[in-house]
């Protein structure tokens, strides 16, 4: 049976119908990320990996 993913949009999205949204879905032991304009392209990471990416992005400001 295929896993059903429940996608949530980022709170930084420009509204419900905005085409430039980051979406995330949590699964057992992993996080899935996709950009709303490319829903077929999904990046899989862990919570630790995503936290490291966010820290890195913030440090480059």
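Residue numbers (the numbering used here): 125 to 185.
The C-beta atom is built at its ideal place from N, Cα and C for all residues, glycine as well.
Selection from the options that minimises the alpha carbon distance to residue i
{"i": "residue 129", "options": "154, 183, 145", "result": "154"}
{"i": "residue 170", "options": "161, 157, 182", "result": "157"}
{"i": "residue 148", "options": "164, 131, 177, 184", "result": "131"}
Check whether residue i and residue j have beta carbons under 8 Å apart
{"i": "residue 145", "j": "residue 134", "result": "yes"}
{"i": "residue 127", "j": "residue 165", "result": "no"}
| query | Residue ranges of each beta strand (DSSP E) run of no fewer than 3 residues wholly in the region 134-180, ordered along the chain? | reply | 146-151, 154-159, 166-169
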